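Asker:
Numbering (this note's numbering), first residue to last: 25 to 83.
(1) Using three-state DSSP, classify residue 64 as helix, strand or coil.
(2) Under 8 Å Cβ to Cβ from residue 52, same chain only, skipping five residues before and after it: list those, please.
(3) Have a look at residue 60 and residue 38 and give me their C-alpha separation to the nearest angstrom.
(4) Using 8 Å for Cβ pairs, my map puts residue 80 next to residue 66. What's the rounded Cβ distance?
(5) Among the residues of its own chain, which have a CB less than 8 Å from the CB of residue 43, if the five just before and after it don't count?
Dropping the structure here:
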């Protein structure tokens, strides 16, 4: 365990355009090879950075 805590003041940084330039959720999903129509569980999904692109890709 750790004692790190999320600072809600920094929440908007999670959806910053710069983050999408560095980490591309849609490309990651393609590389994982998850077929459309699959069910995905996003543990610790936070603000949905990967969840929403995964939902769109799965249909």
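The beta carbon of each residue, even a glycine, is placed where N, CA and C say it ideally should be. The structure displayed is predicted, hence computed values, not measured ones.
Answerer: If we stick to the structure as given:
(1) The sequence position of residue 64 within the chain shown is 40, counting from 1. DSSP places residue 64 in the coil class of the three-state scheme, outside both helix and strand.
(2) Within the chain shown, numbered from 1, the residue matching residue 52 stands at position 28. Cβ neighbours of residue 52 within its own chain (closer than 8 Å, five residues either side excluded): 74.
(3) Here the question's residue 60 lines up with position 36 in the chain shown. Here the question's residue 38 lines up with position 14 in the chain shown. Separation of residue 60 and residue 38 (C-alpha to C-alpha, rounded to the nearest whole angstrom) is 26 Å.
(4) Walking along the chain shown from the start, residue 80 turns up at place 56. Walking along the chain shown from the start, residue 66 turns up at place 42. Incorrect: roughly 13 Å between the Cβ atoms, too far for contact.
(5) As a position in the chain shown, residue 43 is number 19, starting the count at 1. Excluding the 5 residues flanking it on each side, residue 43 has same chain C-beta neighbours closer than 8 Å at 37 and 73, in chain order.
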